[in-house]
Amino acid sequence: MNIYLRELKANGKSLFIWCIIMIAFVAASMGKYAASSHISGQSLNDIISKMPDAVKSMFGAGTFDLSKAIGFYGAMFIYVVLMAAIHASMIGANIISKEEDDKTAEFLMSKPVSRIKVITSKLFAAFTNIIVFNIITLISSIYFVGYYSKGENVSKDILKLMIGVFLLQLIFVSLGLCLSAFLKNSRLASPCTVGIMLVTYILSLAIDIDSHLSGLKYFTPFKYYDAKNLIYGKGFEIIYIVISVLIILLFISMTYVFYHKRDLKI
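Residues 1 to 266 in full-length UniProt numbering are what the sequence shown lists, from first letter to last.
(1) Assuming the contact rule is C-beta atoms closer than 8 Å, S140 and V26 should be a hit. Round their C-beta distance to whole Å, please.
(2) Out of D208, N229, Y218 and V199, which one is the CA nearest neighbour of A85?
(3) Can you have a look at G235 and say buried or exposed, based on whether 16 or more other CB atoms are within 10 angstroms of its CB?
(4) Per DSSP, what kind of secondary structure is D226 in: helix, strand or coil?
(5) In this structure, how does DSSP classify N94 when only helix, strand and coil are distinguished?
(6) Where do the ends of the alpha helix (DSSP H) carrying F25 lie?
(7) Counting C-beta neighbours from all protein chains within 10 Å, is the total for N129 16 or more, i.e. buried, or is it exposed?
(8) Going by C-alpha to C-alpha distance, which of L168, K228, I20 and V194 sits closest to S180?
(9) Which word fits P221, buried or exposed, when buried means at least 16 other C-beta atoms lie within 10 angstroms of its C-beta?
(10) According to DSSP, simplified to helix, strand and coil, what is F64?
(11) So which of K117, L168 and Y148 has the shortest CA-CA distance to N134?
(12) Note down, one range per segment and in chain order, each alpha helix (DSSP H) of at least 4 residues found wholly within the stretch 113-181.
(13) I'd like the list of long-range same chain contacts for G176, defined as Cβ closer than 6 Å, with 5 residues on each side in sequence excluded.
(14) Identify the continuous alpha helix (DSSP H) that holds H260 and give its terminal residues.
(15) Less than 9 Å between the C-beta atoms of F72 and K32, yes or no?
(16) Please classify N153 as buried or exposed, where buried requires at least 16 other C-beta atoms within 10 Å of its C-beta.
(17) Are the beta-carbon atoms belonging to I136 and E7 less than 9 Å from one another?
(18) Once the 5 residues before and after L183 are set aside, which same chain residues still bring their CB inside 6 Å of it?
(19) If we ignore side chains and look at the alpha-carbon of each, how far apart do Y259 and V165 end up?
(20) Starting from the C-beta of I116, find all residues in its chain whose C-beta is less than 8 Å away, skip the five residues before and the five after it, and write them out in chain order.
(21) So P221 is in the alpha helix (DSSP H); what residue range does that whole segment cover?
(22) In terms of alpha-carbon separation, which member of K217, S211, S204 and A126 lies closest to S14?
(23) Check K9 in the structure and name its three-state DSSP category.
(24) Cα-Cα, which of I238, K122 and V80 is closest to I20?
(25) Closest to A35 by C-alpha separation, out of L66, R187, Y232 and M254, would be which residue?
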């Protein structure tokens, strides 16, 4: 419990800043929606439809009805997903590796606790961070989108989107934990995790641009919980949930194995 509370305290400031950034982003995004309200919804959709596919994919547009608040939010949601994935990647990669970077590994290992307990405490602390991040983003999204939705019930759609984001966060936080426990140079964990995350993000954009690449969708978690599919399509697909759970369990299991065998640099 002491390790868990210590990690929460150590990451509290960073978590607070991330939450403020997300609130500000959602507020600014919906502010843009209000500012564009003088343009008719159909005209705005027509403008977007004439953009090249690469531009539409990059800006998350082309499918959503931008005349509605939830449609505009859906178009901007890719950036919410991207920031959430970056946050989860960094939390997962740093929560273990920082012990060696800060030269506190010797002190930690001198305590009467097993490595399994250390990893478990850090794991729960990382999950707590992303849960708080997700809840704050959910509440701010429901508030700001609901404010501009003109009475339309948007809570259900936003909740589905944030559940998808949470599963995506779990994938990248577990990846960060795994790499942090595996890599001999702990300082490489964060850039490697974020790098892998960005590669999968770019792959998701490429799939949107070129339909011939659709077979690669299983290799990028960003396609598992695509906003347009959650709002307008089939919703959650069992195959992607199963793949996500298997990936998360695999990375977490490997974290325990690698950290148990790890020669700590002290």
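Just so it is clear, CB atoms sit at the ideal spot from N, CA and C, and this is done for glycine as well.
Since we're looking at a predicted model, the values are computed, not measured.
Here's the rundown:
(1) One-based indexing of the sequence shown puts residue 140 at position 140. One-based indexing of the sequence shown puts residue 26 at position 26. Taking C-beta atoms under 8 Å as the contact rule, S140 and V26 qualify, at a distance of about 5 Å.
(2) Indexing the sequence shown from 1 puts residue 85 at position 85. Cα-wise, what sits closest to A85 is V199.
(3) Counting from one through the sequence shown, the residue named residue 235 turns up at place 235. By the neighbour-count rule (16 or more Cβ atoms within 10 Å), G235 is not buried but exposed.
(4) Along the sequence shown, one-based indexing puts residue 226 at 226. D226 falls in the coil class under three-state DSSP.
(5) Reading the sequence shown from its first residue, position 94 is the one you call residue 94. Three-state DSSP puts N94 in a helix.
(6) As a first step, residue 25 must be located in the sequence shown, where it is residue number 25. G12 to A35 is the extent of the alpha helix (DSSP H) around F25.
(7) Taking the first residue of the sequence shown as position 1, residue 129 is located at position 129. So N129 ends up on the buried side.
(8) Locating residue 180 in the sequence shown gives position 180, counting from the first residue. Of L168, K228, I20 and V194, the smallest CA-CA separation from S180 is found for V194.
(9) Taking the sequence shown and counting its residues from 1, the one referred to as residue 221 is at position 221. Buried.
(10) The residue given as residue 64 occupies position 64 in the sequence shown. It is coil, neither helix nor strand.
(11) By 1-based counting over the sequence shown, the position of residue 134 is 134. Selection K117, L168 and Y148 evaluated against N134 yields L168 as nearest (Cα-Cα).
(12) 115-148
(13) In the sequence shown, residue 176 corresponds to position 176, counting from 1. S89, G92, A93 and T193.
(14) One-based indexing of the sequence shown puts residue 260 at position 260. That run of the alpha helix (DSSP H) goes I238 to K261.
(15) As a first step, residue 72 is located in the sequence shown; it is residue number 72 there, counting from the start. As a first step, residue 32 is located in the sequence shown; it is residue number 32 there, counting from the start. Between F72 and K32, the C-beta gap is smaller than 9 Å, which places the two residues in contact.
(16) Here residue 153 refers to the residue found at position 153 of the sequence shown. Exposed, by the Cβ-count rule.
(17) Taking the sequence shown and counting its residues from 1, the one referred to as residue 136 is at position 136. Taking the sequence shown and counting its residues from 1, the one referred to as residue 7 is at position 7. Contact: no.
(18) For the purposes of this step, residue 183 is identified with residue 183 of the sequence shown, where counting begins at 1. Here the set comprises A189.
(19) As a first step, residue 259 must be located in the sequence shown, where it is residue number 259. As a first step, residue 165 must be located in the sequence shown, where it is residue number 165. Those two C-alpha atoms are separated by around 27 Å.
(20) Here residue 116 is taken as the residue at index 116 of the sequence shown, counted from 1. Taken in chain order, the residues that qualify are Y256 and H260.
(21) For the purposes of this step, residue 221 is taken as the residue at position 221 of the sequence shown. Counting along the chain, P221 falls outside any alpha helix (DSSP H), and DSSP gives it neither H nor E.
(22) Position 14 of the sequence shown, counting from 1, holds the residue named residue 14. Cα-wise, what sits closest to S14 is A126.
(23) By one-based count along the sequence shown, residue 9 stands at place 9. Note: K9 maps to helix in three-state DSSP.
(24) Position 20 of the sequence shown, counting from 1, holds the residue named residue 20. When only C-alpha atoms are compared, the closest one is V80.
(25) Your numbering for residue 35 matches position 35 in the sequence shown. Comparing Cα positions, the closest option is L66.
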